[in-house]
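In this note's numbering, the protein residues as written are 1 to 218. Just so it is clear, CB atoms sit at the ideal spot from N, CA and C, and this is done for glycine as well. All values reported here derive from a predicted model rather than from experimental measurement.
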């Protein structure tokens, strides 16, 4: 295990926080507003990870017009920030691991496909001691993961080389992004995607708990 990491960067949904039930409940409410049926949480598990517009596009019935999809999306974007912390919770070991990594002197950051304003709000709610130097999400300017644009901007902000970044995420999108960037692609198997999907997308190693990453970041 010969790595010289200086920064640890984390996905949010399915990695740091179990947000599935709030995402699903709010999507169901948005669908209900327009007479569409809702979904099970297991169905929502497969819809998330590529940003909210994709989630809504997957959740509406096949053949729904773009105009109606945009209406559902607008309702969701107004509703979710108000209800984003009703069922959400930290995954086991996250708070303790983040505190330890901070104590060890690592630069910590969050890079999510979640809407940026909501990502910042929810991180502030669950990490009140502000351990992350930046929290980036979908701001309407940076392309979403797995596009690498945000990754290159991130390297500038963190003053790191690609090989100095440990990136932990639960999605195939995360693994593809980290692999393209030359980051260490750490797959969080407690999240929302099957292990095989992480491996196929380029995971360097799979971790079954947050604490398991600590030996890689001594």
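Whose C-beta lies closer than 8 Å to the C-beta of residue 107 among residues of the same chain, with five residues either side of it excluded?
For the purposes of this step, residue 107 is taken as the residue at position 107 of the chain shown. So the qualifying residues of the chain are 6, 7, 8, 133, 158, 160.
Put residue 89 into one of helix, strand or coil per three-state DSSP.
Along the chain shown, read from residue 1 onward, the residue named residue 89 stands at position 89. Strand, per DSSP.
Could you check what DSSP says for residue 149 in three-state terms: helix, strand or coil?
Along the chain shown, read from residue 1 onward, the residue named residue 149 stands at position 149. If DSSP states are grouped into helix, strand and coil, residue 149 belongs with the helices.
Hey, residue 204 and residue 184 are a contact pair by Cβ (cut 8 Å); roughly how many whole angstroms apart?
Translated into positions along the chain shown, residue 204 becomes position 204. Translated into positions along the chain shown, residue 184 becomes position 184. Going by Cβ atoms, the distance from residue 204 to residue 184 rounds to 5 Å, so yes, they are a contact pair.
Where do the N-terminal and C-terminal ends of the alpha helix (DSSP H) with residue 161 fall, by residue?
Here residue 161 refers to the residue found at position 161 when the chain shown is read from its first residue. Premise fails: residue 161 is in no alpha helix (DSSP H) and is neither H nor E.
Please name the residue or residues paired with residue 18 in a DSSP beta bridge.
Start at 1 with the first residue of the chain shown, and residue 18 comes out as number 18. DSSP lists 89 as partners of residue 18.
State the DSSP-derived secondary structure class of residue 205, mapped to helix, strand or coil.
As a first step, residue 205 must be located in the chain shown, where it is residue number 205. Residue state, collapsed to three classes: strand.
Keeping to the same chain, check which residues put their C-beta closer than 6 Å to that of residue 174; ignore five residues upstream and five downstream.
On the chain shown, position 174 is the one that residue 174 refers to. Around residue 174: 11.
Near residue 44, what residues of its chain come up, given a Cβ to Cβ distance below 8 Å and the 5 sequence neighbours on each side ignored?
The residue you call residue 44 lines up with position 44 of the chain shown. The answer, listed in chain order, is 20, 23, 24, 27, 55, 59.
Could you tell me whether the stretch 113 to 124 touches the stretch 66 to 81, using the rule of 3 or more Cβ pairs below 8 Å?
Cβ pair count under 8 Å is three or more, so yes.
According to DSSP, residue 187 sits in a beta bridge with which residue or residues?
Start at 1 with the first residue of the chain shown, and residue 187 comes out as number 187. BP columns for residue 187 point to 169, 206.
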